[in-house]
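Residue numbers (the working numbering): 547 to 802. Okay, structure first, notes after.
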């Protein structure tokens, strides 16, 4: 079967580690549901783009949304299908810039940690096509608090091995890219919420294995060896269990 994802963003080796990541802050998702017009007597129809293994999709299902999850990576999608079996969800093998979904059928379009892995301008155009009039698009990420002592040790350890380490587009303010398409979206809303997540050192390292970046590509021998060196040092320097601080950050905008 033909791969739909460019090799640079092939998450096949990372898929099984997604369950070790913290999910989004629940109150933020509740606020977004309200923003999108959901709640009492209104169950939203949502296109969850780049749904991965279903982390955000599951939170939407828990809030009575009808979900269509779009995910091009077969390994990720198969895990997501298994995790959401028997629920009000449909999984689609497609990309975020060519979702194959129908025009103007959705109350809300979401990108959970996926808006940065595609051409964001094209993703905004596709979101605009999918949404009903005056409905919202949202993109969100969980960001590590780099001032947290645990994260500082981890970050310093990575930089020892990868001096040119950067965190990429996912850390950027998304407002400029949304504002650049004022022909499509307006009424930008920004929400952020801090939360703490309890992890063992083993699960924390497994969560790092879900990260796709150009420095340690788990598809390659060199990448795997580099990550093993980094994770060994993390294991030596970090406690066996800890609570660490994350921030859910989300940008939303209304279709014109």
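C-beta atoms are modelled at their ideal positions from N, C-alpha and C, and glycine is treated no differently.
Integer Cβ distance of residue i from residue j, believed to fall under 8 Å
i, j, result
"residue 592", "residue 613", "5 Å"
"residue 634", "residue 792", "28 Å between Cβ atoms; not a contact."
"residue 735", "residue 660", "With a Cβ gap of about 19 Å, residue 735 and residue 660 do not count as contacting."
Where residue i falls, given that 16 or more other Cβ within 10 Å makes a residue buried
i, result
"residue 658", "buried"
"residue 672", "buried"
"residue 721", "exposed"
Through-space distance from residue j to residue i, alpha-carbon basis
i, j, result
"residue 779", "residue 751", "11 Å"
"residue 608", "residue 585", "12 Å"
"residue 697", "residue 649", "42 Å"
"residue 551", "residue 642", "Summary for residue 551: the model assigns pLDDT 43, below 50, so the residue's position carries little reliability; its value from the coordinates is reported in the next sentence. For residue 551 and residue 642, the distance between alpha carbons rounds to 10 Å."
"residue 705", "residue 580", "41 Å"
"residue 575", "residue 737", "10 Å"
Sequence-distant residues of its chain with Cβ nearer than 7 Å to residue i (five each side left out)
i, result
"residue 610", "589"
"residue 715", "662"
Close Cβ partners of residue i (< 8 Å) along its chain, the five nearest in sequence each way excluded
i, result
"residue 626", "597, 598, 599, 600, 603, 615, 617, 637"
"residue 680", "800, 801"
Contacts around residue i, its chain only, beta-carbon distance under 6 Å, and the 5 residues preceding and following it disregarded
i, result
"residue 777", "751"
"residue 674", "730, 801"
"residue 549", "The predicted position of residue 549 is uncertain, since its pLDDT is 41 and thus under 50; a value taken from the coordinates is nonetheless stated next. The answer is none, since no qualifying residue turns up."
"residue 744", "789"
"residue 571", "739, 741, 794"
Proximity of residue i and residue j at Cβ, strictly below 8 Å
i, j, result
"residue 663", "residue 595", "no"
"residue 790", "residue 742", "yes"
"residue 713", "residue 676", "no"
"residue 666", "residue 723", "yes"
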